[in-house]
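Okay, so here's the structure we're looking at.
Protein chains: 2
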Amino acid sequence: MPTSKDVAQVAGVAQSTVSYVLSGKRPISEKTRKKVEAAIDQLTYQPNAGARALASRKTRVIGLVIPFIPELEMGSIMEFVSVIASTARQFDHDILLVTDDEGAAGLRRVVGQQICDGLILMQVEDEDERLPVARSLNVPVVLIGIPRDPSGLVCIDADFEMAGEHCVRDLAAVGHSVISVIDWQPAVMDRHVNYVDRFLHGTDVAAKALGVTVLHLPGGTDRATISESVDKALASTTGKPAFIAPDRTIQDILRRILSSRGLTLGLDVSVIGSASPTLAELQPIPLSTIDLRPAEVSRRAVKIMCQLLEADSQGPHESLELVPTVITHRCSTLRPQ
Amino acid sequence: MPTSKDVAQVAGVAQSTVSYVLSGKRPISEKTRKKVEAAIDQLTYQPNAGARALASRKTRVIGLVIPFIPELEMGSIMEFVSVIASTARQFDHDILLVTDDEGAAGLRRVVGQQICDGLILMQVEDEDERLPVARSLNVPVVLIGIPRDPSGLVCIDADFEMAGEHCVRDLAAVGHSVISVIDWQPAVMDRHVNYVDRFLHGTDVAAKALGVTVLHLPGGTDRATISESVDKALASTTGKPAFIAPDRTIQDILRRILSSRGLTLGLDVSVIGSASPTLAELQPIPLSTIDLRPAEVSRRAVKIMCQLLEADSQGPHESLELVPTVITHRCSTLRPQ
DNA sequence: GGGAATTATCGATGCGTATCGACGATGCTG
DNA sequence: CAGCATCGTCGATACGCATCGATAATTCCC
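Respectively, the protein sequence lines represent chains A and B.
Residue 512 in this note's numbering is what sits at position 215 of the first sequence, and the numbering runs on without skipping anything.
Residue 579 in this note's numbering is what sits at position 282 of the second sequence, and the numbering runs on without skipping anything.
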């Protein structure tokens with residue numbers, strides 16, 4: 298592998314000049330710049346990351362802490378990961394994976410060894426054991442998700458409360474007076490990711506404001522639980538029933554149960570689910586969905602991180618950013634009168 | 298951040314002694330070791346990764362090249378990524394993400410800058426533009442998937458041919474004489490990942506050996522295509538029909554179509570799909586599946602990589618490892634007579 | 001008990017880059 | 001044309017660790 302010294306020799310300049318050509322931190326004459334660039338091309342020189350990190354105290358690597366093999370929601374997690382990695386490259390950074398089975402020790406490790414300049418944490422829970430560590434590390438940390446106590450932390454997430462509100466408003470607007478919200482599956486509820494509470498709270502706020510009734514019914518991955526929830530919903534509804542089912546696993550089961558009861562989506566009953574646009578379109582009756590915008594959340598998380606890194610910020614920062622969600626009405630909700 | 302020099306000072310030894318305590322490459326007396334370890338604990342010292350990489354010419358980082366936001370199969374890709382990251386840690390390595398939108402240049406970059414000691418490529422296609430680069434890089438590369446010409450490359454994948462054979466054998470054994478194989482969805486077929494061909498070839502081999510008929514029918518993500526394929530299958534079958542549908546998206550549609558025709562899985566018709574055990578169990582009629590063992594493939598890929606790194610192998614290596622697949626018969630296939 | 005063979009530790013050097021101070025060359029001002 | 005600021009480049013040094021050769025301390029054997 299060629300080094301900057303080799304480049305310097307070929308170009309007939311000093312090594313430091315090569316370094317300045319690359320960084321642009323000192324003026325370089327056009328003539329010298331050309332010579333150096335030619336030498337770089339000729340040798341296909343690429344700077345050594347380790348040496349660069351050692352000298353500059355910056356690795357240009359961001360650690361991404363991914364949840365530990367959750368089985369559920371793997372698809373959506375991958376969307377975050379993928380977009381985060383791509384976006385990081387746009388800011389000339391790379392992504393190092395830190396799996397959550399290493400726990401808080403993993404965070405200390407990658408920061409302590411200075412493998413990373415900062416950390417992005419996914420799937421932050423209400424009371425997360427990683428938070429005290431995150432606060433104590435003297436590198437920037439960006440959380441995707443909002444813990445109960447976000448003080449001293451930089452957080453970003455979809456605006457779940459607005460999402461809940463928006464769903465209820467839209468369903469009320471097309472004439473529903475009783476709206477049933479099916480919980481996420483128990484595995485998610487048990488984890489106390491607080492977006493669930495924020496979403497449900499949003500539905501309640503809208504219900505109160507509009508004078509409609511919102512029922513909260515248990516979700517599950519088995520047909521029986523959902524079936525029971527549907528029964529309860531139908532029993533307490535006089536007009537046409539409406540369902541909000543943000544958990545992807547659940548919405549499939551729900552659709553089948555409704556259709557087996559002879560209810561046609563968009564005609565006898567409204568359903569709002571959550572899925573990427575492409576997935577929603579694939580359904581026999583294209584599903585009206587609330588888009589929680591994982592790609593946008595991911596992009597912004599990286600952007601915030603890179604700004605913090607650039608600012609070279611020492612002191613603890615604190616901020617909270619909510620990404621607006623978007624409802625798309627397709628064919629599974631009643632049409633406006 | 299404390300350095301090994303600080304540790305040395307606290308322990309009252311030379312910096313090199315600290316280094317030897319950590320690496321174990323020279324004998325150290327019990328007394329000195331204790332002193333050094335105490336100093337390390339006291340200072341919570343962690344070695345600097347950049348300096349270590351610079352001096353040792355090893356980063357202990359493996360680059361993982363992930364497919365570019367494929368939308369399809371994101372869940373299963375995440376399973377690979379997650380297991381690969383965990384396994385790498387067991388070998389005391391870390392994983393750096395390289396997204397495929399950087400293309401072959403991305404590979405050259407991370408290797409050229411010596412951010413990584415080696416590369417794992419996912420989703421290798423039949424004629425992959427990354428292969429010539431992979432061959433020319435002088436670091437170990439492990440492919441997950443098998444290209445048309447694997448010469449000079451180290452490959453690992455599930456044994457798709459055996460999987461195809463196995464499916465046909467088992468269906469023939471319970472009395473099916475005509476077996477329909479539904480292709481993967483067009484998006485996958487178009488990508489020329491060759492596991493598709495290997496699987497289909499396996500079904501043909503078994504069919505020839507057993508004297509049964511195998512039909513290859515087009516797959517799709519829309520109901521119409523699958524419906525048509527089912528029609529064709531039923532038209533050419535005298536006994537009970539049998540389906541093999543390895544694409545997860547397709548198998549759901551297939552199930553619904555069959556049930557809408559009044560065919561009960563495991564009674565009137567056999568279906569073998571592909572899903573993780575947990576997912577398969579969740580279905581109303583637990584699905585018989587062929588397990589392509591993504592976790593095992595991932596683990597072995599990392600293991601092979603770490604062996605190559607340890608061997609410090611210079612010359613080009615070549616190997617091909619196939620991971621046996623496993624069929625689990627649940628309730629969607631006929632019972633043996 | 002003296003010399004050889006071990007064992008345990010130290011000091012010095014190199015890895016490849018960033019960056020600081022210095023210095024010669026150039027342009028400008030009066 | 002003397003004096004001074006500006007521009008462009010160089011040389012030297014530091015970053016933190018691994019590693020090699022050398023040295024000091026200990027043990028062993030005849």
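Quick reminder that beta carbons are idealized off the backbone N, C-alpha and C, glycines included.
Keep in mind the model is a prediction, meaning the values are calculated, not measured.
**Message:** Does chain A have any CB closer than 8 Å to the CB of S557/B?
**Reply:** Numbered from 1 along the second sequence, position 260 holds the residue referred to as residue 557/B. It does not; no Cβ of chain A falls within 8 Å.
**Contact list for D480/B against chain A, beta-carbon separation under 9 Å** = What you label residue 480/B is simply residue 183 of the second sequence in a count that begins at 1. None at all; the shortest Cβ gap to chain A is about 17 Å.
**Request:** Taking all protein chains shown into account, decide if D414/B is buried (16 or more other Cβ within 10 angstroms of its Cβ) or exposed.
**Result:** Indexing the second sequence from 1 puts residue 414/B at position 117. Burial call: buried.
**Message:** For the region 437-451 of chain A against the region 401-421 of chain A, do three or more pairs of beta-carbon atoms, one drawn from each stretch, fall closer than 8 Å, so that the two count as touching?
**Reply:** yes
**Asked** So, are the CB atoms of T396/A and F365/A less than 8 Å apart?
**Response** Translated into positions along the first sequence, residue 396/A becomes position 99. Translated into positions along the first sequence, residue 365/A becomes position 68. If you check the CB distance, T396/A and F365/A come in under 8 Å.
**Message:** In the DSSP assignment, the alpha helix (DSSP H) including I554/B goes from what residue to what residue?
**Reply:** Residue numbering aside, residue 554/B sits at position 257 when the second sequence is read from its first letter. Its alpha helix (DSSP H) spans residues R545 to S557.
**Asked** Going by Cα to Cα distance, which pick from E618/B, A311/B and R627/B is closest to M459/B?
**Response** For this step, residue 459/B is matched to residue 162 along the second sequence. The shortest Cα separation from M459/B among E618/B, A311/B and R627/B belongs to E618/B.
**Prompt:** What residues match up with C452/A in a beta bridge as DSSP calls it?
**Reply:** Taking the first sequence and counting its residues from 1, the one referred to as residue 452/A is at position 155. In the DSSP output, where bridge partners are listed per residue, C452/A has L440/A and L617/A.
**Asked** What in chain A is Cβ-close to V344/B, meaning under 7 Å?
**Response** Within the second sequence, residue 344/B is the residue found at index 47, counting from 1. The identity of residue 344/B in the sequence shown is Pro, whereas the question assumes Val. By Cβ distance, chain A contributes Q410.
**Message:** Rounded to the nearest angstrom, what separates L507/B and R466/B at their Cα positions?
**Reply:** The residue labelled residue 507/B in the question sits at position 210 within the second sequence. The residue labelled residue 466/B in the question sits at position 169 within the second sequence. Using only the alpha carbons, I get a separation of about 8 Å.
**Item:** Uninterrupted alpha helix (DSSP H) stretches inside the region 309-374 of chain A (no shorter than 4 residues)
**Value:** Inside the region 309-374 of chain A, DSSP marks whole alpha helix (DSSP H) runs of 4 or more residues at positions 312-320, 327-340 and 346-353, from first to last along the chain.
**Asked** Touching or not, the region 623-631 of chain A and the region 579-590 of chain A, by the rule of three or more beta carbon pairs under 8 Å?
**Response** yes
**Message:** At a CB distance below 9 Å, what residues from the region 372-389 of chain A approach chain B? Give them in sequence order.
**Reply:** G372, S373, I374, M375, E376, V378, S379, V380, I381, A382, S383, A385 and R386
**Message:** Please classify A308/B as buried or exposed, where buried requires at least 16 other C-beta atoms within 10 Å of its C-beta.
**Reply:** Stepping through the second sequence from its first residue, residue 308/B is reached at position 11. Classification of A308/B: buried, given that the 10 Å Cβ count is 16 or more.
**Request:** Go through its chain and collect everything with a Cβ distance to L606/B's Cβ below 7 Å, but skip five positions before and after it.
**Result:** In the second sequence, residue 606/B corresponds to position 309, counting from 1. D414, G415 and P437.
**Prompt:** Would you say D398/A reaches chain B, if we count a Cβ-Cβ gap shorter than 8 Å as a contact?
**Reply:** If you number the first sequence from 1, residue 398/A lands on position 101. Chain B, which has a Cβ nearer than 8 Å to the Cβ of D398/A, makes this yes.
**Below-8 Å beta-carbon distance, T586/A vs any chain B residue** = Against the first sequence, residue 586/A aligns to sequence position 289. Output row for T586/A: interface = no.
**Asked** Using a Cβ-Cβ distance under 8 Å, would A484/A count as near chain B?
**Response** Locating residue 484/A in the first sequence gives position 187, counting from the first residue. False, the Cβ-Cβ gap to chain B never drops below 8 Å.
**Request:** May I ask you to list, following chain order, the residues of the region 532-556 of chain B that have a beta carbon less than 7 Å from some beta carbon of chain A?
**Result:** Here the close residues number zero.
**Message:** Among V594/A, H489/A, G563/A and A598/A, whose alpha-carbon lies nearest the alpha-carbon of P633/A?
**Reply:** In the first sequence, residue 633/A corresponds to position 336, counting from 1. Comparing Cα positions, the closest option is G563/A.
**Prompt:** Buried or exposed: where does G321/A fall if 16 or more other Cβ atoms within 10 Å of its Cβ makes it buried?
**Reply:** As a first step, residue 321/A must be located in the first sequence, where it is residue number 24. Its Cβ having fewer than 16 others within 10 Å, G321/A is exposed.
**Request:** Decide if Q411/A is buried, meaning its Cβ has at least 16 other Cβ atoms within 10 Å, or exposed.
**Result:** By one-based count along the first sequence, residue 411/A stands at place 114. Buried, since its Cβ has 16 or more Cβ neighbours within 10 Å.
**Assigned exposure category for G449/A - 16 Cβ within 10 Å defines buried** = For the purposes of this step, residue 449/A is identified with residue 152 of the first sequence, where counting begins at 1. Exposed, by the Cβ-count rule.
**Asked** So, is the C-beta of L450/A closer than 8 Å to a C-beta in chain B?
**Response** Here the question's residue 450/A lines up with position 153 in the first sequence. Output row for L450/A: interface = no.
**Request:** Using a cut-off of 8 Å between C-beta atoms, extract the partners of R393/A located in chain B.
**Result:** In the first sequence, counting from the first residue as 1, residue 393/A sits at position 96. The residue you asked about is not Arg; residue 393/A is Leu in the sequence shown. In chain order: V358, D391, I392, L393 and L394.
**Item:** Cβ-based burial, N491/A [other Cβ within 10 Å; buried from 16]
**Value:** The residue you call residue 491/A lines up with position 194 of the first sequence. Buried, since its Cβ has 16 or more Cβ neighbours within 10 Å.
**Request:** For the region 402-443 of chain A, list the alpha helix (DSSP H) runs that are entirely contained and at least 4 residues long, ordered along the chain.
**Result:** 427-433
**Prompt:** What residue range is occupied by the uninterrupted beta strand (DSSP E) comprising A572/A?
**Reply:** Along the first sequence, one-based indexing puts residue 572/A at 275. It is not in any beta strand (DSSP E) - A572/A carries neither H nor E in the DSSP assignment.
**Request:** For S474/B, name the three-state secondary structure that DSSP assigns.
**Result:** On the second sequence, position 177 is the one that residue 474/B refers to. In this structure, S474/B counts as coil in the three-state DSSP scheme.
**Under 8 Å by beta carbon: chain B residues contacting P581/A** = Taking the first residue of the first sequence as position 1, residue 581/A is located at position 284. Here the neighbours are R520.
**Asked** Residues of chain A with a CB under 8 Å from the CB of A335/B: which are they?
**Response** By 1-based counting over the second sequence, the position of residue 335/B is 38. Correct list: empty, because the minimum Cβ distance to chain A is about 18 Å.
**Asked** Is there contact between the region 333-344 of chain B and the region 397-404 of chain B, where contact requires at least three CB pairs shorter than 8 Å?
**Response** Judged by Cβ distances under 8 Å, the region 333-344 of chain B makes no contact with the region 397-404 of chain B, as fewer than three pairs qualify.
**Prompt:** How would you call H513/A, buried or exposed, if buried means at least 16 neighbouring beta carbons within 10 angstroms?
**Reply:** Indexing the first sequence from 1 puts residue 513/A at position 216. Its Cβ having fewer than 16 others within 10 Å, H513/A is exposed.
**Item:** Enclosing alpha helix (DSSP H) for A598/B [first to last residue]
**Value:** The residue you call residue 598/B lines up with position 301 of the second sequence. Run containing A598/B: P591 to A608, per the alpha helix (DSSP H) assignment.
**Request:** Quick one: using the 10 Å Cβ neighbour count with 16 as the cut-off for buried, is Q482/A buried or exposed?
**Result:** If you number the first sequence from 1, residue 482/A lands on position 185. Classification for Q482/A: buried.
**Below-8 Å beta-carbon distance, A305/B vs any chain A residue** = In the second sequence, counting from the first residue as 1, residue 305/B sits at position 8. Not one beta carbon of chain A lies nearer than 8 Å to the beta carbon of A305/B.
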